[in-house]
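Read in order, the letters of the sequence shown are residues 358 to 468 in my numbering.
Where a beta carbon is used, it is the ideal one built from N, C-alpha and C, also for glycine.
For reference, the structure discussed in these notes is given below.
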Amino acid sequence: MAKENKKLVEKGPKTQGSINKPDKDKKKGLLFAVFALLTALVVIAVVVVGVSYVIIKNNVNGLADEYRDSIKNIPILKRALPHSPDEEDPENFDKEKLLVLYKQYKVENEE
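Printed below as a string of C-alpha cells:
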C-alpha cells in the first residue's frame, strides 16, 4: 500500500490535453503574463492621471496656482488648469490698489 502511494506522489498532477503541447502552454502563459502586466500599468497610469486631474481642477492647497508653469507643459493636465486670474479685474485688486484708483478717479471727475 505504501509503495502504491509513493508511486502516485512521484507522478504528480498532469495538465489536461495532449502531452505534446508544453511549448504552446508556456507561450500562452508568457503572453498572458505580459498582457496582465500591461493592463495593470495602464490602470495605474489612468488612476494617477485622474487623481492629478481632480487635484489640479479643484486647486487643492493652491497646487494649480503654484505649479502653473510646470503643468502648462503637460498636455492632458493643462486642460484641468483653472483660468488664471486677470490682474486688471477689479475683484482681484487689493485694498491699496483700490484706494489709488479711487483717488485717480476722484481727481479726474472733479475737473
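- The Cβ-Cβ distance between A437 and K454 does not fall below 9 angstroms.
- Contact between I412 and L420 holds, since their C-beta atoms are separated by about 6 angstroms, short of 8 angstroms.
- By the Cβ-count criterion, L434 is buried, with 16 or more other Cβ atoms from all chains shown falling within 10 Å of its own Cβ.
- Cβ-Cβ distances below 6 angstroms link Y410 to A437 in the same chain, with the five nearest sequence neighbours on each side left out; the list follows chain order.
- Taking 4 residues as the shortest admissible run, the region 370-449 contains the following complete alpha helix (DSSP H) segments, listed from N- to C-terminal end: 379-414, 420-423 and 425-428.
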